[in-house]
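> This is the structure I have questions about; it appears just below.
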Amino acid sequence: MAFRTARVGGGNLRALWLQHRTRRLHASSISRAVIPFKLADIGEGIKECEVIQWFVEPGARINEFDQICEVQSDKASVEITSRYAGVVKKLHYDAGDMALVGKPLVDIDTGDGGEAEVEAVAPTTPVTPVTASTPTPTPTPTPSTPPSDPTKAYQKALATPAVRRLTKELGIDISAISGSGKGGRVMKEDVLNYKSGNSVAESAPVASSSSTAGSRLVPLTATQMGMFKTMTNSLSIPHFLYTDEVCLDKLMELRASVNSLLAKSPSNGVSKISFMPFFIKALSLALKDYPMVNAKVDLSGDKPAVLMRDYHNISIAMDTPNGLLVPTIKNVQDKTIVEIAADLQRLQELGMAGKLSRDDLTGGTISISNIGNVGGTYLSPVIVSEQVAIVGLGKARKLPRYNADGDIVPEQIINASWSGDHRVLDGMTMALMADKWKAYVVDPKAMLLQLR
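Per the working numbering, numbering of the sequence shown is gapless, rising by one per residue and ending at 687.
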C-alpha cells in the first residue's frame, strides 16, 4: 500500500496512520491472548464427556499443567490439565453438563492484562469460590436459615454422576445435603431422604396423593450410556452358549496353601489371593492352544477378516458405585498368578474410587464375568465388541457327585457359561478351549507344567 507524505497542521499523515495501525495491532494481540481451551479427542470414538467437577473458576490464575476439571466419558474418568498459564475468563459448562470433544471447555487469558481474582488451587483440591472485590454487608443469620458454606458448591466429587443428575432433576442443591457415604459422599438414599423431608413440609396443606404419583424420565449416566452403546453394538454379534460345571476341590486346597504362605510373606503387595487370579491364568494358558477364541473380527477391509492376537488382555467385569465397568489385566501370558492378583487388586481399588483410566478400560481380548458373589449359578453373558468370547462364572456350591468308585461325595462346584461369536467360532472350538480351561482349574498342578 503506497502513501504520500503530507503535512497537516505540523503533523505527518503517515505517522498518524502508523500510530493508528500500532494501536490496532496492540488491541488485536490483547484479544488474541484469550485462548479457548478445547476438550481434546481422548480416543475410542468418544464424542462427549460429562463434567464431573471444576478445579478452577473465572478469575483464577493457573499455571501450565494445573488441573482444570475432571470429566467422565462412557469408559473412564479423566482429569484435564491446562496447556497454558494465565487467568481463567469463562467456564463453558457447569458440573453435570456434557462437554463436546473439540469444543471449548474454558477461556484462558494468557496476556498480562489484569490481576487474577483468585489464586490457582492445588490439583486435588476443589476451588473455594471467592466473591468480587466489592465489599458487601455481612447478612445476619437466622435460626431457620443458617448461612451456606460456599465451599460445598464445588465439592462435586462427593457424589456420583447418577446422584448429581438426580439432584438436578429434583431441583435440589446438592451442597445442602449431608452425605452418609465414605468421606461425606452423598448417596442416592441421602437425596431421596432429603427430598422426602422437604416434600412433607411443602405438601402438608395438600391432602391429594394422586398429584405426586406417576413416573419420571431419568437420563442415563456416563457409565450407563457406555453400557448402552456397548451392548447395542453387541446385538450385531450372533451368540451361542456353552455351559459346563467345574469342581474346585483341588484348587481350594492349593489356594489355602498359597494364602498361608502369603500371610507370612506378602508378595507384590498381595497377602491373600482369591480364585479369580487362578481362573485368569488358566484362561490364558488355554488360549495358547486355541488362539481363535482370543481373536478379533476385522470389518475394516473389503472382506471380513480375523485379527489373531498373541497377547492375552483379559477383561474382568466389576460392579462399582458408578455402575458396571470392565477393566483389563494386560499381558496375562507373561505374568505370574501373584502378579495377576496384584493387578486385579489395583483395578478393584481404582474402580471403587472411580479412578480407572482409559488405558485400564480398553484393549481387552476376552472377558470374565463373575456373578458368584451375587448368588446366581447360570447366565448368558454378552460378548464385548472387539472380542469373540466371554465366560460367566456362577456361585460355588457344595453338591453331591459320584466319584471314580461310584460313591456319592460332596464337591465344590461352579458353573461356567461361555458365549462365543458364531461368525468366527464354531461350537467344537469353544468346547475344546473350555474343556482345556476346566482341566487347569480342576487340577491346578497341571498349570505348573506350563508356567514360565
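Glycine included, each C-beta is placed from N, C-alpha and C at the ideal position.
Out of 452, 419, 420 and 432, which has the shortest C-alpha to C-alpha gap to residue 403?
Looking at the Cα atoms, 452 is the closest of the given residues.
> Within this structure, are the beta carbons of residue 530 and residue 659 separated by less than 8 Å?
Yes, these two residues count as a Cβ contact at 8 Å.
> So, do the stretch 539-546 and the stretch 473-488 have three or more beta carbon pairs nearer to each other than 8 Å?
No: fewer than three Cβ pairs fall under 8 Å.
> Sort out for me which residues DSSP pairs residue 323 with in a bridge.
According to DSSP, which records beta bridges pairwise, residue 323 is partnered with 343.
> Which of the three DSSP states, helix, strand or coil, is assigned to residue 475?
In the structure shown, residue 475 sits in a strand (DSSP, three-state: E or B).
> For residue 519, I'd like the list of residues in its chain whose CB is within less than 8 Å of its CB, leaving aside the five on either flank, ordered along the chain.
Excluding residues within five positions, the ones whose Cβ falls inside 8 Å are 547, 549, 567 and 568.
> By the three-class DSSP mapping on this structure, what secondary structure does residue 670 have?
In this structure, residue 670 counts as helix in the three-state DSSP scheme.
> Can the beta-carbon of residue 320 be found closer than 8 Å to that of residue 286?
Contact flag unset, no.
> Check residue 593 in the structure and name its three-state DSSP category.
It is coil, neither helix nor strand.
> Taking all protein chains shown into account, do 16 or more other C-beta atoms lie within 10 angstroms of the C-beta of residue 345, making it buried, or fewer, making it exposed?
Exposed, because fewer than 16 other Cβ atoms sit within 10 Å of the Cβ of residue 345.
> Below 8 Å, how does it come out for the stretch 494-502 and the stretch 555-565: are there three or more Cβ pairs, yes or no?
Contact between the stretch 494-502 and the stretch 555-565 is absent, because fewer than three Cβ pairs lie under 8 Å.
> Please state whether DSSP places residue 685 in a helix, a strand or coil.
It is coil, neither helix nor strand.
> So residue 498 is in the alpha helix (DSSP H); what residue range does that whole segment cover?
Residue 498 -> alpha helix (DSSP H) spans 484-499.
> With distance defined between alpha-carbon atoms, name the residue in 552, 614 and 342 nearest to residue 599.
The shortest Cα separation from residue 599 among 552, 614 and 342 belongs to 552.
> Using a 10 Å radius around the Cβ and a threshold of 16 neighbouring Cβ atoms, would you call residue 456 buried or exposed?
The residue in question, residue 456, is buried, as its Cβ has 16 or more Cβ neighbours within 10 Å.
> Please classify residue 576: does DSSP put it in a helix, a strand, or coil?
Looking at residue 576 - three-state DSSP - the assignment turns out to be helix.
> Around the Cβ of residue 663, are there at least 16 other Cβ atoms within 10 angstroms (buried) or fewer (exposed)?
Result: exposed.
> Nearest-angstrom Cα distance between residue 680 and residue 584?
Approximately 30 Å between the Cα atoms of the pair.
> Relative to the C-alpha of residue 272, which candidate in 308, 328 and 422 has its C-alpha closest?
Residue 328 is the option with its Cα nearest to residue 272.
> Out of curiosity, what's the CA-to-CA distance linking residue 579 and residue 607?
So the two alpha carbons sit approximately 17 Å from each other.
> Using the Cα positions of residue 339 and residue 281, report the straight-line distance between them to the nearest angstrom.
If I take the Cα positions, the gap works out to 16 Å.
> Cβ of residue 398 within 8 Å of Cβ of residue 430?
No, the pair does not count as a contact, with Cβ atoms beyond the cut-off.
> Let me check understanding here. Comparing Cα to Cα, which of 315, 332, 293 and 460 lies closest to residue 322?
If we check each option's Cα against that of residue 322, 293 comes out closest.
> Could you pull the DSSP bridge partners for residue 271 from this structure?
Looking at the DSSP assignment, residue 271 forms a beta bridge with 342.
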